[in-house]
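**Student:** Numbering (the working numbering), first residue to last: 7 to 334.
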């Protein structure tokens, strides 16, 4: 306040400082993770982009701790409650994959290996080294080309795994099953959706034969998401009369409602069972390390899982998945 030379006083108003919108910013931090948790738990992802984003749920679960701390330290009660619910939901969706335990060894042993060969470019020497070391009874291959078939046989696969049901193509569409044991093609088990997905009846010694499906749906990119969903629905349910196993590149993670729908039809994810469900399988051999898990071995609930491991194979953008199982 100061005196005016012509009389009176001049009153200078006190400017109020604009309050920092902390509450609004807190909700800006919390809301995306709350929406992600709701979509994950309720299976609400629709369309190509949301479906692709859902594979990042393990990272969203870890990231959800940040807005929770922001809300808690800012003493925003409502936001803290919502953030806590989101973190809890995401955590319960993700953490069990790292906490599984191996089943007691019993029953007929079966070793399964699956590898996406990236247009047949996967290093044959490394694949054969894994075949000789791990000794799989069944080898499930995706993106299998006629050239890769010849190279694998020339490297010795024909002698080690002489039985095969192959649908090789000079594209990403080829697939093939190799086995140590006799097997018969089941051409009607899978409808023609997605890439080639051969199925076979395999005569495993010591009991009833098993049915095996080589999985490779289209990736959920753009309009292909429709075919991806159709393939997920088309995978056969388990049967009380026959043990079924589905292994390959599903182009899906356990955070996708479509893949969880397959599991709900009587399957379990082998890696998830033994605490290896968060080991990423794609993209391999890139400047960035693998960060999502889309290659799986799904087994009938009656099948025991002893061990699941993941191995690098040069020349392909997928890692090989190796599973030791026990059949009833």
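All residues carry an ideal CB built from backbone N, CA and C; glycine is no exception. The structure presented is a predicted model; accordingly, all values stated were derived computationally and were not measured.
1. Assuming the contact rule is C-beta atoms closer than 8 Å, residue 192 and residue 207 should be a hit. Round their C-beta distance to whole Å, please.
2. For residue 148 versus residue 228, is the C-beta spacing smaller than 8 Å?
3. Could you give the distance in angstroms between the alpha-carbon of residue 295 and the alpha-carbon of residue 289?
4. Leaving out five residues on either side along the sequence, give the residues of the same chain with a beta carbon under 8 Å from the beta carbon of residue 284.
5. What ranges does the beta strand (DSSP E) occupy inside the region 146 to 187, keeping only unbroken runs of at least 3 residues that lie completely in it?
6. What whole-angstrom Cβ distance do residue 304 and residue 323 have, given they're in contact under 8 Å?
7. Can you find the residues in the same chain that come closer than 8 Å, C-beta to C-beta, to residue 216, ignoring five residues on each side of it along the sequence?
8. What is the DSSP secondary structure of residue 84, reduced to helix, strand or coil?
9. Give me the Cα-Cα distance between residue 315 and residue 84, rounded to the nearest whole angstrom.
10. Hey, is residue 112 close to the ligand FAD, as in C-beta under 7 Å from one of its heavy atoms?
11. Determine the direct distance from the alpha carbon of residue 270 to that of residue 75, and round the result to whole angstroms.
12. Find out if the Cβ-Cβ distance for the pair residue 108, residue 280 is shorter than 8 Å.
13. Per DSSP, residue 119 forms a beta bridge with which residues?
14. Within 10 Å of its beta-carbon, does residue 7 have 16 or more other beta-carbons around it, so buried, or fewer, so exposed?
15. Pull up the distance between the alpha-carbon of residue 321 and that of residue 232, whole angstroms please.
**Tutor:** Walking through what the data contain:
1. Reading the chain shown from its first residue, position 186 is the one you call residue 192. Reading the chain shown from its first residue, position 201 is the one you call residue 207. With a Cβ gap of about 6 Å, residue 192 and residue 207 count as contacting.
2. Counted from its first residue, the chain shown places residue 148 at position 142. Counted from its first residue, the chain shown places residue 228 at position 222. Contact: no.
3. The residue you call residue 295 lines up with position 289 of the chain shown. The residue you call residue 289 lines up with position 283 of the chain shown. Distance between the alpha carbons of residue 295 and residue 289 is about 7 Å.
4. Counting from one through the chain shown, the residue named residue 284 turns up at place 278. Excluding residues within five positions, the ones whose Cβ falls inside 8 Å are 64, 100, 103, 104, 299.
5. The beta strand (DSSP E) runs lying completely inside the region 146 to 187 and spanning 3 residues or more are 169 to 173, 181 to 185, given in chain order.
6. Residue numbering aside, residue 304 sits at position 298 when the chain shown is read from its first letter. Residue numbering aside, residue 323 sits at position 317 when the chain shown is read from its first letter. Actually they do not touch by this definition, with Cβ atoms about 21 Å apart.
7. Counting from one through the chain shown, the residue named residue 216 turns up at place 210. Within the same chain, residue 216 has close Cβ partners 116, 207, 208, 210, 248, 249, 250, 251, 333.
8. Locating residue 84 in the chain shown gives position 78, where the first residue counts as 1. The answer is helix: DSSP assigns residue 84 an H, G or I state.
9. Against the chain shown, residue 315 aligns to sequence position 309. Against the chain shown, residue 84 aligns to sequence position 78. Rounded to the nearest angstrom, the two C-alpha atoms are 43 Å apart.
10. Of the ligands one can find in the structure shown there are none, so the ligand FAD has no counterpart to examine.
11. Locating residue 75 in the chain shown gives position 69, where the first residue counts as 1. Locating residue 270 in the chain shown gives position 264, where the first residue counts as 1. Rounded to whole angstroms, the gap between the alpha carbons of residue 75 and residue 270 is 35 Å.
12. Your numbering for residue 108 matches position 102 in the chain shown. Your numbering for residue 280 matches position 274 in the chain shown. In contact: residue 108 and residue 280 (Cβ atoms closer than 8 Å).
13. The residue given as residue 119 occupies position 113 in the chain shown. BP columns for residue 119 point to 145, 328.
14. Within the chain shown, numbered from 1, the residue matching residue 7 stands at position 1. Confidence at residue 7 is low in this model, with a pLDDT of 49, below 50, so its placement is unreliable and no value can be given for it.
15. Counting from one through the chain shown, the residue named residue 321 turns up at place 315. Counting from one through the chain shown, the residue named residue 232 turns up at place 226. Straight-line Cα distance between these residues: approximately 29 Å.
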